[in-house]
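Accompanying notes for the structure given below.
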Amino acid sequence: MPTRAVLAAFMARPADEHYGLEVSEAAGLAPGSIYPILIRLEQYGWLESRWEDIDKHAEGRPPRRYYRLSEKGAQDVPLALTRANERRRPGSASLRPQGGLM
Amino acid sequence: MSLEVVAIVVIACLIASIAPRAGERLRSGEGAPGRPAGGKVRDAGIFLCSSDCADGLASVGVATREMRLDLDSPGPEFVRALNEMLPGANALKKRVWDLQDELWERLGRPPTAQEVVASFEGDPLLEPMLKPSHGVSGGAVFAPRVESTPIFSRADRTVERRLSLAALFLPAANRERYRREWQGEAAGMPSAAAAQFALNLLIRAPRSGLALRLRRIFGRAAT
Numbered sequence: 001m002p003t004r005a006v007l008a009a010f011m012a013r014p015a016d017e018h019y020g021l022e023v024s025e026a027a028g029l030a031p032g033s034i035y036p037i038l039i040r041l042e043q044y045g046w047l048e049s050r051w052e053d054i055d056k057h058a059e060g061r062p063p064r065r066y067y068r069l070s071e072k073g074a075q076d077v078p079l080a081l082t083r084a085n086e087r088r089r090p091g092s093a094s095l096r097p098q099g100g101l102m
Numbered sequence: 001m002s003l004e005v006v007a008i009v010v011i012a013c014l015i016a017s018i019a020p021r022a023g024e025r026l027r028s029g030e031g032a033p034g035r036p037a038g039g040k041v042r043d044a045g046i047f048l049c050s051s052d053c054a055d056g057l058a059s060v061g062v063a064t065r066e067m068r069l070d071l072d073s074p075g076p077e078f079v080r081a082l083n084e085m086l087p088g089a090n091a092l093k094k095r096v097w098d099l100q101d102e103l104w105e106r107l108g109r110p111p112t113a114q115e116v117v118a119s120f121e122g123d124p125l126l127e128p129m130l131k132p133s134h135g136v137s138g139g140a141v142f143a144p145r146v147e148s149t150p151i152f153s154r155a156d157r158t159v160e161r162r163l164s165l166a167a168l169f170l171p172a173a174n175r176e177r178y179r180r181e182w183q184g185e186a187a188g189m190p191s192a193a194a195a196q197f198a199l200n201l202l203i204r205a206p207r208s209g210l211a212l213r214l215r216r217i218f219g220r221a222a223t
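Protein chains in written order, with our numbering: chain A, 1 to 102; chain B, 1 to 223.
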């Protein structure tokens, strides 16, 4: 679920770049909790990242790392999200209350 | 793999026990700047450069005696005035910041003010500032002050300690990138939020490390 929330946050604005805190806010996850997900998605080739281009002395803070959907991600993620949602259609086996078994 | 995990935990415990002691040499002060370029040390660069720029000061009517008084009780107005009077001051200030950043990367922790001043030695631009000039010795005036100069508040040291610990769970080749990334994120937050952010990072650091190691071990993306 957190991975899906992160992907949905990127898909909401697929052309935009986001830093970690923005992603966690958009996904509704705790700040600092999304890095294992970002690492996996970047390794999988769905995300790409770059350092923010600022003068850290003028800005008074270090540069941030910005993430965005890669071309591969923009193609694959919508399909993957659809498949994931289909797997969780009503009536399918689930241990969650909304799944109907408990 | 299990031996590696044990080694990481042991190293983490060692650092946790050492880091606070190193920080305690600095007095924790309210409102103390907590980022790599601490304000006190930034100012110090200006104070030091001022001792070697007495000619410039004299030309605008500032006597050495007045300068000495200002050095004893420096204030933001004095720093601002020096910035305006001395065209080279900004270049020197930038060099001090760069030195701090280099030290941070080399030491793997925030440098103390004393370490920053010590690093002036051997630097062609900054070393002359430590030598006596026109009766005022920058180093002599500055050295006693830095011993009690707070650079990092207690909250900032907590964040830094947690980030450093979290980075230990990552493969060595990836640590610097993610430590810098996390510092960049934490720098934009209030202290309490940054501490919580760093705690969340620390809790999930083993998982981050595993994701990176799976890639290295199996040579494929960890999914």
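We put the beta carbon where it would ideally sit given N, CA and C, even for glycine. This one's a predicted model, so the numbers in the text were calculated from it and none came from an experiment.
Where residue i and residue j are concerned, what is the direct C-alpha to C-alpha distance, given to the nearest angstrom?
{"i": "valine 117/B", "j": "aspartate 123/B", "result": "11 Å"}
{"i": "serine 119/B", "j": "glutamate 102/B", "result": "10 Å"}
{"i": "glutamate 185/B", "j": "proline 206/B", "result": "19 Å"}
{"i": "leucine 38/A", "j": "leucine 47/A", "result": "8 Å"}
{"i": "leucine 214/B", "j": "glutamate 127/B", "result": "48 Å"}
{"i": "serine 208/B", "j": "tyrosine 66/A", "result": "18 Å"}
{"i": "glutamine 100/B", "j": "alanine 80/A", "result": "46 Å"}
{"i": "tyrosine 178/B", "j": "arginine 204/B", "result": "13 Å"}
{"i": "glutamate 115/B", "j": "leucine 107/B", "result": "10 Å"}
{"i": "glutamate 42/A", "j": "histidine 18/A", "result": "13 Å"}
{"i": "glycine 28/A", "j": "alanine 12/A", "result": "13 Å"}
{"i": "glutamate 59/A", "j": "asparagine 85/A", "result": "42 Å"}
{"i": "alanine 8/A", "j": "alanine 15/A", "result": "13 Å"}
{"i": "phenylalanine 10/A", "j": "arginine 50/A", "result": "16 Å"}
{"i": "threonine 82/A", "j": "leucine 69/A", "result": "17 Å"}
{"i": "proline 33/A", "j": "histidine 57/A", "result": "What sits at residue 33/A in the sequence shown is serine, not proline. Cα to Cα, serine 33/A sits roughly 28 Å from histidine 57/A."}
{"i": "arginine 295/B", "j": "proline 78/A", "result": "Nothing can be reported for residue 295/B, as the shown portion of chain B is limited to 1 through 223."}
{"i": "leucine 210/B", "j": "asparagine 200/B", "result": "16 Å"}
{"i": "alanine 187/B", "j": "glutamate 71/A", "result": "31 Å"}
{"i": "proline 193/B", "j": "alanine 26/A", "result": "Going by the sequence as given, residue 193/B is alanine instead of proline. Roughly 17 Å separates the two Cα atoms."}
{"i": "valine 41/B", "j": "tryptophan 104/B", "result": "Legend: pLDDT at valine 41/B = 40, less than 50; position of this residue unreliable, value from coordinates given subsequently. Using only the alpha carbons, I get a separation of about 14 Å."}
{"i": "arginine 180/B", "j": "leucine 212/B", "result": "17 Å"}
{"i": "glutamate 22/A", "j": "alanine 195/B", "result": "17 Å"}
{"i": "aspartate 55/A", "j": "glycine 73/A", "result": "30 Å"}
{"i": "serine 24/A", "j": "tyrosine 44/A", "result": "19 Å"}
{"i": "arginine 87/A", "j": "arginine 161/B", "result": "42 Å"}
{"i": "methionine 1/A", "j": "arginine 109/B", "result": "36 Å"}
{"i": "arginine 61/A", "j": "aspartate 98/B", "result": "13 Å"}
{"i": "methionine 189/B", "j": "alanine 198/B", "result": "11 Å"}
{"i": "leucine 170/B", "j": "glutamine 183/B", "result": "15 Å"}
{"i": "leucine 168/B", "j": "arginine 40/A", "result": "18 Å"}
{"i": "arginine 4/A", "j": "aspartate 156/B", "result": "33 Å"}
{"i": "leucine 163/B", "j": "serine 191/B", "result": "14 Å"}
What residues from chain A crowd round residue i, counting only those whose CB sits closer than 8 Å?
{"i": "proline 208/B", "result": "The question names proline, but residue 208/B is serine in the sequence shown. Correct list: Tyr35, Pro36, Ile39."}
{"i": "glycine 188/B", "result": "Leu21, Arg61, Arg64"}
{"i": "arginine 204/B", "result": "Gly32, Ser33, Tyr35, Pro36"}
{"i": "arginine 215/B", "result": "Gln43"}
Can you pull the chain A neighbours of residue i, defined as C-beta to C-beta under 9 Å?
{"i": "arginine 109/B", "result": "Neighbours of arginine 109/B on chain A: none; closest Cβ ~15 Å, over 9 Å."}
Using a Cβ cut-off of 7 Å, pull out every chain B residue sitting near residue i, in sequence order please.
{"i": "arginine 65/A", "result": "Glu181, Gly184"}
{"i": "alanine 26/A", "result": "Residues of chain B passing the Cβ test: none, with the nearest at roughly 15 Å."}
List the residues that DSSP assigns as beta-bridge partners of residue i.
{"i": "histidine 18/A", "result": "Tyr67/A"}
{"i": "leucine 47/A", "result": "Leu69/A"}
Within 10 angstroms of its Cβ, does residue i collect 16 or more other Cβ (buried), or is it exposed?
{"i": "proline 31/A", "result": "buried"}
{"i": "threonine 158/B", "result": "buried"}
{"i": "glutamine 75/A", "result": "exposed"}
{"i": "proline 111/B", "result": "buried"}
{"i": "proline 63/A", "result": "buried"}
{"i": "aspartate 53/A", "result": "exposed"}
{"i": "glycine 20/A", "result": "buried"}
{"i": "glutamate 121/B", "result": "exposed"}
{"i": "isoleucine 46/B", "result": "Bear in mind that the predicted position of isoleucine 46/B carries a pLDDT of just 42, short of 50, making it unreliable; the figure below should be weighed with that in mind. Classification of isoleucine 46/B: buried, given that the 10 Å Cβ count is 16 or more."}
{"i": "proline 36/A", "result": "buried"}
{"i": "alanine 172/B", "result": "exposed"}
In the DSSP assignment, find the unbroken alpha helix (DSSP H) run with residue i in it and report its ends.
{"i": "arginine 13/A", "result": "Arginine 13/A -> no alpha helix (DSSP H), and no H or E assigned at all."}
{"i": "alanine 30/A", "result": "Alanine 30/A -> no alpha helix (DSSP H), and no H or E assigned at all."}
{"i": "arginine 177/B", "result": "172-186"}
{"i": "glutamate 59/A", "result": "56-59"}
Show which residues of chain A have a CB atom less than 7 Å away from the CB atom of residue i.
{"i": "leucine 99/B", "result": "Going along chain A, no residue has its Cβ under 7 Å from leucine 99/B, so there is no contact; the nearest lies around 12 Å."}
{"i": "leucine 212/B", "result": "Ile39"}
{"i": "leucine 201/B", "result": "Gly32, Tyr35"}
{"i": "phenylalanine 197/B", "result": "Pro31, Gly32"}
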